[in-house]
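Notes to accompany the following structure.
Following this line, the structure appears as structure tokens:
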């Protein structure tokens with residue numbers, strides 16, 4: 058590889074919408090470093106990701122629709138990226154890059170899903186979909202937390218966004234001239250909206266509600282860190298040999314309230330999770346100083362699936378294997394060519410445990426948005442998506458429906474696949490199974506730590522596991538993780554593995570109970586029930602540690 062190979066820094070924030078930046082007209086936010094980046098970048102201005110976290114990240118990292126690789130939601134075991142999928146890091150790794158990941162992953166915490174198994178030489182991240190979620194280290198609250206470096210817990214000091222930027226800057230400065238790829242994925246601006254008071258105070262003083270003031274404060278802190286990154290690149294004379302991407306995973310979480318109309322959403326309808334453009338249209342800035350035109354606005358329809366082929370093209374890297382991308386390389390466009398992209402439809406979709414055609418689906422085609430198969434919007438004439446124009450455009454509805462039918466026939470088997478978590482490997486023993494990854498059978502999955510002792514979250518579900526090696530296994534059941542070690546407050550525990558059931562009594566005050574069983578190799582289900590006979594309540598074990606003996 059040539060020493061002039063460009064470095065790549067891919068920055069993705071969480072829950073920051075298109076309108077949550079001063080450059081896009083936000084009347085309150087001041088984001089000088091993001092604004093500067095926009096002015097120095099090629100901008101994808103009609104760019105779309107999926108409306109929730111894991112599918113967006115899976116598509117960005119693979120250049121394929123997320124469901125093709127087992128990702129169709131953010132919980133319920135539907136966020137585990139197939140071990141067969143090649144990530145952005147896999148491609149850069151194969152091309153001789155040093156690869157580092159810092160922040161939020163949200164594509165599986167166990168082997169072989171976690172980032173240290175997906176092409177990264179170094180990874181520092183929290184677990185789950187956000188700091189303080191069930192599989193994360195107990196008690197993390199954004200400040201002085203324990204994160205996981207290459208899978209091992211490490212005490213970190215400072216505010217979460219500062220910590221992840223610090224780690225990324227250390228990684229960049231340690232490369233000594235080697236080409237590097239950095240995936241910097243902040244958990245900010247995800248809830249809970251926690252930030253040092255000095256960042257939120259100016260917004261609170263304006264009378265902005267607390268959640269939005271803190272949300273905006275998180276953006277201010279991120280912008281400050283982005284400035285530190287630019288200063289680092291300049292200090293090490295890397296500005297002109299480093300591609301920097303900055304985007305978000307989907308629409309805003311707290312910058313706009315559709316019910317009241319308060320906040321700012323750049324004139325769009327919907328927010329995080331929505332099928333309207335406010336749920337999935339995001340900022341996308343790509344800066345390569347001295348090589349790409351600055352402040353070039355590309356208004357053609359683009360999406361997450363285009364980004365990996367684009368970056369490989371810009372870096373003159375061949376894919377690491379014979380992989381077919383669903384997206385297109387946008388390299389000619391960002392270089393300054395005026396060539397038109399071919400007409401195509403982009404599918405935005407989330408699926409439940411049982412895949413359903415047209416479930417929570419938007420199909421984007423040029424100026425058109427077809428939602429759930431029968432609601433049509435013309436973005437050119439109605440960017441706020443107030444009017445359903447399907448009655449007057451039945452031929453367009455039919456044409457887009459036909460394209461979706463083709464897509465669905467190709468993808469429905471992929472949507473139906475359920476990925477199992479391996480146990481009994483040499484890579485990870487024991488394996489932590491948390492209720493965040495349940496396929497639920499009753500109640501609402503308690504995916505936040507602060508919910509698990511509340512009776513309204515006394516739920517249950519099962520995990521799908523792949524027993525890699527036959528033999529004797531210990532399953533340790535807990536309501537809280539090992540580092541919390543709290544009493545379960547139960548009298549009886551049941552473990553079910555496939556069709557086999559095991560039960561035993563629990564002593565008052567015990568923080569765990571363990572079962573030892575012989576297992577055959579293969580894929581099976583595992584579920585638990587914990588009973589408090591005094592009050593009649595039952596729930597699943599929120600934490601199970603599966604150990605090959």
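In the numbering used here, the protein residues as written are 58 to 606.
For each residue, glycine too, the CB sits at the ideal point set by N, CA and C.
Item	Value
Counting only runs that start and end within the stretch 166-254, where is the beta strand (DSSP E) found for 3 or more residues in a row?	179-182, 203-206, 209-212, 237-242
Under three-state DSSP, which class holds residue 556?	coil
Please report the distance separating the alpha-carbon of residue 538 from that of residue 510.	13 Å
Below 8 Å between beta carbons: does that hold for residue 325 and residue 335?	yes
For residue 520, which three-state DSSP category applies?	strand
Check this for me: beta carbons of residue 597 and residue 586, under 8 Å apart or not?	yes
Considering residue 276, what are the terminal residues of the alpha helix (DSSP H) in which it resides?	267-292
Which residue from 330, 584, 345, 432 puts its Cα closest to that of residue 497?	584
Output the distance between the C-alpha atoms of residue 377 and residue 389, rounded to the nearest integer angstrom.	22 Å
Specify the secondary structure class of residue 623 as computed by DSSP and reduced to three states.	Residue 623 lies beyond the residue range present for the chain, which begins at 58 and ends at 606; the question has no answer from this structure.
What separation, rounded to the nearest whole angstrom, lies between the Cα atoms of residue 463 and residue 134?	26 Å
Should the stretch 100-115 be called in touch with the stretch 351-370, which here means at least 3 C-beta pairs below 8 Å?	yes
Based on DSSP bridge pairs, tell me the residues matched to residue 425.	422, 435
Are the beta-carbon atoms belonging to residue 523 and residue 478 less than 8 Å from one another?	yes
Considering only the alpha carbon of each residue, which of 518, 354, 244 lies closest to residue 160?	244
For residue 372 versus residue 112, is the C-beta spacing smaller than 8 Å?	no
Considering only DSSP beta bridges, list what residue 571 is partnered with.	533
Using three-state DSSP, classify residue 80 as helix, strand or coil.	helix
Would you be able to state if there are at least three C-beta pairs under 8 Å between the stretch 163-176 and the stretch 215-230?	no
In three-state terms, what does DSSP make of residue 468?	helix
Determine the contact status of residue 606 and residue 531, defining contact as a CB-CB distance below 8 Å.	yes
Could you spell out where the beta strand (DSSP E) holding residue 105 opens and where it closes?	99-105
Go ahead and pull the three-state DSSP assignment for residue 59.	Since pLDDT at residue 59 reaches only 39, below the 50 mark, its modelled position is unreliable, and the value read off the structure follows with that caveat. Three-state result, residue 59: coil.
In whole angstroms, what separates the C-alpha of residue 400 from that of residue 457?	12 Å
In chain order, what residues of the same chain have a beta carbon less than 7 Å from the beta carbon of residue 77, not counting five sequence neighbours either side?	83, 86, 276, 309, 312
Grouping DSSP H, G and I as helix and E and B as strand, with all else coil, what is residue 595?	strand
By the three-class DSSP mapping on this structure, what secondary structure does residue 158 have?	strand
Which residues mark the beginning and the end of the beta strand (DSSP E) in which residue 303 is found?	299-305
Out of 249, 285, 493, state which residue places its alpha-carbon closest to the alpha-carbon of residue 269.	249
Exposed or buried, what is residue 58 when buried is set at 16 or more other beta-carbons lying within 10 Å of its beta-carbon?	At residue 58, the pLDDT of 34 sits below 50, so the modelled position is not reliable; the number obtained from the coordinates is stated separately. Classification of residue 58: exposed, given that the 10 Å Cβ count is below 16.
Please find out if some non-hydrogen atom of the ligand SAM comes closer than 7 Å to the beta-carbon of residue 494.	The ligand SAM is not part of this structure, which contains no ligands at all.
Looking only at C-alpha atoms, which of 367, 517, 431, 406 sits nearest to residue 101?	367
Buried or exposed: where does residue 263 fall if 16 or more other Cβ atoms within 10 Å of its Cβ makes it buried?	exposed
Taking the alpha carbon of residue 444 as the point to measure from, which residue in 427, 381, 139, 93 has its own alpha carbon closest?	427
Does DSSP classify residue 397 as helix, strand or coil?	coil
Going by DSSP, what residue range makes up the beta strand (DSSP E) through residue 479?	478-480
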